[in-house]
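As numbered in the numbering used here, residues 64 to 123 make up the sequence shown, in order. This report concerns only the one structure given below.
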Amino acid sequence: MAQQTGIKIGENGVEGKCSLCGVYVIKGGVRFRQKSVLCSECAARQAKIGNPYRATAGRR
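Have a look at this one:
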């Protein structure tokens with residue numbers, strides 16, 4: 064049975080189009096959420112972005 068995700072697993076890990084910058088990632092890709100891929104530069108940038116709503120999960 065084929066994978067139902069939008070990513071491809073290649074020899075060097077996750078492959079696909081980066082969700083943030085749009086470049087096609089061949090190696091060094093990082094899974095982002097369920098169906099997306101980030102390049103290594105965007106993954107580092109995404110990790111630095113804080114919680115924009117300043118809310119703790121599970122609290123109102």
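Even for Gly, the Cβ is constructed at its ideal location relative to N, Cα and C.
- Within the DSSP secondary-structure output, K71 pairs in a beta bridge with E78.
- Of the residues assessed, C105 falls on the buried side of the cut-off, its CB having 16 or more other CB atoms within 10 angstroms.
- In this structure, E74 keeps its C-beta atom at 9 angstroms or more from the C-beta atom of Y87.
- In its chain, beyond the 5 residues on either side, V88, V100, L101, C102 and C105 have a beta carbon closer than 7 angstroms to the beta carbon of C81.
- Boundaries of the beta strand (DSSP E) around R94: Y87 to F95.
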